[in-house]
Structure formats: C-alpha cells, structure tokens
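For reference, the structure is listed below as structure tokens.
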Amino acid sequence: MSRRPPPKDQPRRRDDRPRERPKGATPHEPRVRGDAPKSPFRAPSPEVVTLYGAHAVREALKGGRRKLLALYATDTALPRIADLAHAAGLEPRLVDPRDLARHLGEEAVHQGLLLEARPLPEADIGDIESKSGVVLALDQITDPHNVGAILRTACAFGVDALIVTERHSPEFTGVLAKAASGALEHVTIVSVVNLARTLDELRARGYGVLGLDSEGAEPIETIPLSRPLALVLGAEGKGLRRLTRERCDLVARLDLPGPIKSLNVSNACAATLSVIHMRLRAG
21 MSRRPPPKDQ
31 PRRRDDRPRE
41 RPKGATPHEP
51 RVRGDAPKSP
61 FRAPSPEVVT
71 LYGAHAVREA
81 LKGGRRKLLA
91 LYATDTALPR
101 IADLAHAAGL
111 EPRLVDPRDL
121 ARHLGEEAVH
131 QGLLLEARPL
141 PEADIGDIES
151 KSGVVLALDQ
161 ITDPHNVGAI
171 LRTACAFGVD
181 ALIVTERHSP
191 EFTGVLAKAA
201 SGALEHVTIV
211 SVVNLARTLD
221 ELRARGYGVL
231 GLDSEGAEPI
241 ETIPLSRPLA
251 LVLGAEGKGL
261 RRLTRERCDL
271 VARLDLPGPI
281 KSLNVSNACA
291 ATLSVIHMRL
301 RAG
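Basically this note's numbering = 1-based index in the sequence shown + 20.
In structure tokens:
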C-alpha cells in the first residue's frame with residue numbers, strides 16, 4: 021500500500037524556522053546536494069599559522085605582530101570576539117563546531133574560534149631587547165605542550181626571549197599556541213642553527229649561562245646570580261647535550277624536599293624562574 025504524501029500546505033513546525041545569522045558574520049555558500057563537503061579553511065602551509073582557542077586568538081588579534089588572514093567563529097563564540105575582530109580589520113566567518121573539529125581533530129579544545137595568520141617575524145640574537153635581563157634557551161625540547169607551557173611561564177615572568185633550535189623543535193602553531201595561552205604573541209622567539217655557538221655569542225655579550233639539571237653540582241637557591249642571564253633547559257630524559265653543557269658557566273639543580281627529585285621540564289622551568297626572579301629582585 022502506498023504512503024499518502026503530506027499536504028502541500030502543511031504548516032512549518034516551530035523548530036524548522038530559519039535561524040538568524042549573527043551580525044558581522046559571513047555565511048558559507050550552500051552546498052549542492054551530492055557534492056563532497058568543501059573545507060572553508062586554508063590548506064596546511066609553512067606560510068599559514070593556525071591559532072585556536074580563546075586566549076591564543078584574542079592575543080593575536082590584539083598583538084599587531086602578525087598579518088591576519090581569516091577568522092572563523094561559531095555562532096556562540098562570535099559575540100566574544102566581534103569587537104576585537106572589527107578593530108583588527110577582520111570580518112569573522114561563521115562555521116559549525118563540527119567543521120572545526122574535523123579540521124583540528126576531535127581532541128582540540130578550540131572554544132569555537134580559529135584564526136589563520138602569517139608566522140611571526142623572524143628574530144635573531146641582536147633583536148633581543150633587554151628588560152628583565154633573562155632569556156631562556158631550549159636544548160631540543162620537542163613536545164609542543166611543554167614548549168607552550170614554558171612560553172606561558174616565560175611571558176608571566178617577563179623573560180626577554182626564548183631561544184630554540186631550528187631542528188628538533190616543534191612548530192609555533194596549533195597545539196603549542198593553545199598551550200601558550202596567548203604568550204606566543206608577547207615573547208621574542210629566536211630560532212638558531214647551532215645552540216652551542218649561540219651560547220658562546222651570549223657569553224660574548226655579557227650573559228652568564230646557567231644550565232638546569234636534576235644532577236647539577238649546586239642548588240639554584242644558593243649560587244650567585246646576576247643579570248644578564250641565560251637559563252638553559254634540556255629535553256626530558258636526555259637532559260643537556262654535551263656541547264651545550266660545556267658552554268654553561270654552571271649547571272645547577274632544584275633542591276626538592278619530596279621523594280621525587282625531578283619535575284616535568286615545564287614545571288621545572290616555572291619553579292626555577294620563580295627562584296631566579298625573587299633572587300634577582302632581592303639582589
């Protein structure tokens with residue numbers, strides 16, 4: 021038995037009413053039935069940095085250090101970012117949260133915001149502006165969560181620059197930028213080919229070079245400290261490489277009172293910078 025079609029003048033249900041588009045948002049073009057869904061986002065490229073999450077996107081919009089390309093927002097996140105987007109000269113593009121999840125991965129905490137931008141301008145040792153008198157150098161730390169957390173701590177303590185190696189370092193985008201919680205826009209990043217040679221250059225510029233290691237000869241709490249200072253952190257497990265260690269004036273340790281005598285590298289960085297900050301300020 022055939023099924024009777026519904027009458028043509030059947031009233032529209034209450035929940036079928038078209039949704040209003042938030043002001044300032046650019047809608048997507050409708051997709052023709054049968055077509056594969058077209059991604060609204062740019063393809064991965066060395067010239068495109070992807071930033072997501074509220075803090076990372078907000079600080080990039082406010083920072084003025086990058087060329088901004090496109091901002092994508094869900095209808096719930098758009099009101100929180102609309103004014104900053106307008107001030108930065110961007111018209112947000114409205115997207116579905118599922119589009120962001122497909123693009124970034126289901127585990128990404130995007131908070132309804134994604135910004136595409138150019139990488140930050142390259143910097144070298146001569147570009148470091150001395151304010152706190154402290155710089156950080158990372159010896160092949162590759163985990164983006166750790167480097168992002170270190171960046172956030174460095175920003176909080178007013179560190180003048182973060183020095184990383186061109187090889188064996190994560191990309192300053194995506195997961196790292198989210199973990200840095202906006203600090204990427206405020207800390208000068210210096211990428212170098214040879215860390216040992218860079219430490220030699222810092223010493224020639226008057227920096228003391230201090231390595232941190234759980235097996236360090238002296239506790240960080242008692243060694244003499246003065247500005248300018250370069251604090252060098254090694255990768256978890258490997259620690260400082262031999263040539264890096266040889267360039268340090270001293271390798272110190274954190275004296276921890278508990279039964280576990282080592283910390284995750286980002287936590288060790290935070291604890292050490294706290295000690296250095298208090299001692300330099302007191303001195």
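In this text, a Cβ means the ideal position worked out from N, Cα and C, and glycines have one as well.
Do you know whose CA, among the options, lies nearest residue i's CA?
i       : options                           : result
Cys-5   : Thr-218, Asp-275, Leu-196         : Lying outside 21 to 303, the shown extent of the chain, residue 5 is not represented and no answer is given.
Glu-111 : Asp-159, Leu-88, Thr-185          : Leu-88
Gly-168 : Ala-290, Gly-146, Lys-151         : Ala-290
Ala-176 : Ser-201, Val-285, Ala-105         : Ser-201
Pro-60  : Arg-118, Ala-80, Asp-144, Thr-292 : Arg-118
Arg-62  : Gly-231, Tyr-227, Tyr-92, Gly-226 : Tyr-92
Ala-102 : Ala-121, His-123, Gly-84, Ala-74  : Ala-74
Glu-186 : Ala-174, Ala-143, Gly-228         : Ala-143
Leu-270 : Gly-278, Pro-248, Pro-244         : Pro-244
Lys-82  : Ser-65, Glu-149, Ala-108          : Ala-108
Glu-241 : Leu-274, Ala-76, Ala-90           : Leu-274
Drop a sphere of 10 angstroms on the beta-carbon of residue i, count the other beta-carbons inside from all chains shown, and report buried for 16 or more, exposed for fewer.
i       : result
Ser-189 : buried
Leu-263 : exposed
Thr-125 : The sequence given here has Gly at residue 125, not Thr. It is exposed - the Cβ of Gly-125 has fewer than 16 other Cβ atoms within 10 Å.
Gly-146 : exposed
Ser-152 : buried
Thr-173 : buried
Gly-236 : buried
Val-285 : buried
Glu-49  : Because the pLDDT at Glu-49 is just 48, under 50, the model does not fix this residue reliably, and the value given afterwards should be weighed accordingly. Per the 10 Å Cβ criterion, exposed.
Where residue i and residue j are concerned, what is the direct C-alpha to C-alpha distance, given to the nearest angstrom?
i       : j       : result
Ala-272 : Ala-224 : 21 Å
Leu-300 : Asn-287 : 20 Å
Asp-159 : Ala-255 : 6 Å
Ala-203 : Arg-78  : 11 Å
Thr-292 : Val-154 : 12 Å
Pro-239 : Leu-283 : 15 Å
Ala-302 : Ser-294 : 12 Å
Ile-280 : Asp-116 : 46 Å
Ala-216 : Ile-170 : 21 Å
Arg-113 : Gly-231 : 46 Å
Ile-296 : Lys-58  : 51 Å
Lys-258 : Glu-221 : 24 Å
Leu-251 : Gly-84  : 28 Å
Leu-276 : Leu-156 : 22 Å
Lys-198 : Gly-228 : 32 Å
Asn-214 : Arg-261 : 12 Å
Gly-278 : Arg-122 : 43 Å
Asp-233 : Glu-266 : 13 Å
Met-298 : Leu-120 : 42 Å
Gly-178 : Ile-148 : 13 Å
Ser-150 : Arg-247 : 10 Å
Val-212 : His-106 : 36 Å
Ser-65  : Gly-226 : 39 Å
Leu-249 : Leu-104 : 36 Å
Leu-253 : Arg-86  : 28 Å
Ala-90  : Ala-76  : 14 Å
Ala-80  : Leu-134 : 11 Å
Is residue i close to the ligand ZN? I mean its beta-carbon at under 8 Å from any heavy atom of the ligand.
i       : result
Glu-136 : No copy of the ligand ZN appears in this structure; indeed no ligand is present at all.
Handout entry: beta strand (DSSP E) runs wholly inside the stretch 88–158, at least 3 long, in chain order
Key = 88–93, 133–137
Exercise for the section: State whether the stretch 64–79 contacts the stretch 119–138, with contact taken as three or more CB pairs (one from each stretch) at a distance under 8 Å. Expected result: yes
Practice task
Please confirm if the stretch 193–207 is in contact with the stretch 148–167, defined as three or more CB-CB distances below 8 Å between the two stretches.
Solution key: yes
Handout entry: Cβ pair count under 8 Å reaching 3, the stretch 203–210 against the stretch 175–186
Key = yes
Handout entry: Segment contact, 8 Å Cβ cut-off, at least three pairs: the stretch 92–102 with the stretch 122–136
Key = yes
Problem - Minimum length 3: unbroken beta strand (DSSP E) runs contained in the stretch 235–278 - result: 249–254, 270–273
Practice task
Just list the beta strand (DSSP E) runs in the stretch 179–242, keeping only unbroken ones of 3 residues or longer that don't cross its boundaries, in chain order.
Solution key: 181–185, 208–212, 228–232
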